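Okay, structure first, notes after.
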Amino acid sequence: MFDWMLPEKHAIALLKKDHDTVKELFEKFEKTDSSAEKEKIITKAVEELKVHAAIEEELFYPAVRNHVGKDLMNEADEEHHVARMLIAELDANAAPDHRFAKFTVLAESVRHHIKEEENETLPKAKELDIDFEALGQQMLDRKKDLKQNGIPADAEHAMVVKANGKGDSPAAASRRGSSFDRKTAKKAVPRNGKTSTKARTGL
Ligand SMILES: [Fe+2]
188 MFDWMLPEKH AIALLKKDHD TVKELFEKFE KTDSSAEKEK IITKAVEELK
238 VHAAIEEELF YPAVRNHVGK DLMNEADEEH HVARMLIAEL DANAAPDHRF
288 AKFTVLAESV RHHIKEEENE TLPKAKELDI DFEALGQQML DRKKDLKQNG
338 IPADAEHAMV VKANGKGDSP AAASRRGSSF DRKTAKKAVP RNGKTSTKAR
388 TGL
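Sequential numbering of the sequence shown, starting at 188, is according to the numbering used here.
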């Protein structure tokens with residue numbers, strides 16, 4: 188079992204603290220029936236997740252990537268990407284009828300990511316002989332900066348904005364009352380792998 192008894196500013200202790208904060212927010216979201224309360228929790232959790240992902244990607248991941256290895260690290264990158272897509276859709280209020288479901292799936296996906304980090308990535312990273320407290324201090328400074336000055340733009344938000352509210356095909360299908368249109372699907376994925384504009388946009 189991994190020993191979490193680490194100095195307060197140890198980079199891994201800071202990540203663990205962030206994980207506990209978001210897990211608590213996910214639990215509160217599940218326990219409340221109030222839509223207003225759910226919205227408040229979404230706002231807070233999304234802010235926490237954006238800052239957390241930024242300090243991991245800018246500072247922690249580059250410091251440990253080679254030692255942890257590309258399999259785990261690439262998976263972590265992809266999990267961040269999926270979380271960012273859902274966050275971008277929540278920010279854009281895409282598929283408002285699916286908003287709470289979208290956040291529930293974000294929470295499930297982040298819980299899985301946290302489990303993998305805490306069971307595999309962080310114990311492996313801790314083997315490294317680096318100054319984890321100095322790294323932790325850099326992470327704290329960057330966190331403060333991000334909270335004061337905002338999160339840098341990302342490609343996932345740009346994609347969602349470009350889709351102009353039409354990027355969630357299962358939610359759109361549920362609104363139309365059909366979950367699967369075989370004709371459109373056939374056109375959408377022809378043998379050559381290229382999709383038509385109509386199929387891509389669903390228009
Ligand atoms: Fe992460």
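Beta carbons are placed, not taken as given, at the ideal position from N, Cα and C, and that holds for glycine.
From a predicted model like this one, the values you see are computed outputs, not experimental measurements.
### Message
Under 7 Å: does the beta carbon of Glu-304 sit that close to some heavy atom of ligand 1?
### Response
Here residue 304 refers to the residue found at position 117 of the sequence shown. Yes, ligand 1 has a heavy atom inside 7 Å of this Cβ.
### Query
If you drop the 5 nearest sequence neighbours on each side, which residues of the same chain put their C-beta closer than 7 Å to that of Arg-329?
The sequence position of residue 329 within the sequence shown is 142, counting from 1. Closer than 7 Å at Cβ, skipping near neighbours: Ile-242, Glu-245, Leu-246.
#### Entry: Cut-off 7 Å between Cβ atoms - residues of its own chain near Asn-306, not counting five sequence neighbours on either side
As a first step, residue 306 must be located in the sequence shown, where it is residue number 119. Excluding positions up to five away in sequence, the list is empty.
### Message
Between Glu-224 and chain C, is the shortest Cβ-Cβ distance under 8 Å, so that the two count as touching?
### Response
The structure shown contains no chain C; it holds only a single protein chain.
### Query
Per the contact definition of three or more C-beta pairs closer than 8 Å, is the region 274-287 in contact with the region 217-234?
The region 217-234, when compared against the region 274-287, does touch it at the 8 Å Cβ threshold.
### Query
Where do the ends of the alpha helix (DSSP H) carrying Leu-259 lie?
Locating residue 259 in the sequence shown gives position 72, where the first residue counts as 1. In the DSSP annotation of this structure, the continuous segment of the alpha helix (DSSP H) that includes Leu-259 starts and ends at 257-278.
### Query
Around the Cβ of Leu-205, are there at least 16 other Cβ atoms within 10 angstroms (buried) or fewer (exposed)?
The count along the sequence shown starts at 1 and reaches residue 205 at position 18. According to the sequence as given, residue 205 is Asp; it is not Leu. Counting Cβ neighbours within 10 Å, Asp-205 comes out buried, since at least 16 surround it.
### Query
Beta-carbon separation of His-254 and Lys-311 under 8 Å?
Numbered from 1 along the sequence shown, position 67 holds the residue referred to as residue 254. Numbered from 1 along the sequence shown, position 124 holds the residue referred to as residue 311. When the beta-carbon positions are compared, His-254 and Lys-311 come within less than 8 Å of each other.
### Query
In angstroms, rounded to a whole number, what distance separates the CA positions of Leu-327 and Gly-337?
For the purposes of this step, residue 327 is identified with residue 140 of the sequence shown, where counting begins at 1. For the purposes of this step, residue 337 is identified with residue 150 of the sequence shown, where counting begins at 1. Roughly 15 Å separates the two Cα atoms.
### Sequence-distant residues of its chain with Cβ nearer than 6 Å to Ala-397 (five each side left out)
Any answer about residue 397 is impossible in this case: the structure gives the chain only from 188 up to 390.
### Message
Could you tell me the alpha carbon to alpha carbon distance between Glu-304 and Arg-363, rounded to whole angstroms?
### Response
Taking the first residue of the sequence shown as position 1, residue 304 is located at position 117. Taking the first residue of the sequence shown as position 1, residue 363 is located at position 176. Cα to Cα, Glu-304 sits roughly 39 Å from Arg-363.
### Check whether Ala-240 and Ala-281 have beta carbons under 8 Å apart
Position 53 of the sequence shown holds residue 240. Position 94 of the sequence shown holds residue 281. Remark: C-beta atoms of Ala-240 and Ala-281 do not approach each other more closely than 8 Å.
### Task
Have a look at Arg-252, Ala-198, Trp-191 and flag the residue whose alpha-carbon is nearest the alpha-carbon of Phe-319.
Here residue 319 refers to the residue found at position 132 when the sequence shown is read from its first residue. Selected option, being the one with the closest Cα: Ala-198.
### Query
What do you get for Lys-349, buried or exposed, if any count of 16 or more other CB atoms within 10 angstroms of its CB means buried?
As a first step, residue 349 is located in the sequence shown; it is residue number 162 there, counting from the start. Taking a 10 Å sphere around the C-beta of Lys-349, we find fewer than 16 other C-beta atoms and assign the residue as exposed.
### Message
Leu-293 and Leu-273 - do their beta-carbons sit closer together than 8 Å?
### Response
Taking the first residue of the sequence shown as position 1, residue 273 is located at position 86. Taking the first residue of the sequence shown as position 1, residue 293 is located at position 106. Closer than 8 Å, so yes.
### Task
Pick helix, strand or coil for Pro-339, following the three-state DSSP scheme.
In the sequence shown, counting from the first residue as 1, residue 339 sits at position 152. Pro-339: coil per DSSP, three-state reduction.
### Query
Looking only at C-alpha atoms, which of Asp-207, Lys-210, Lys-237, Glu-265 sits nearest to Lys-331?
As a position in the sequence shown, residue 331 is number 144, starting the count at 1. Check the Cα spacing between Lys-331 and each of Asp-207, Lys-210, Lys-237, Glu-265: the tightest is with Lys-237.
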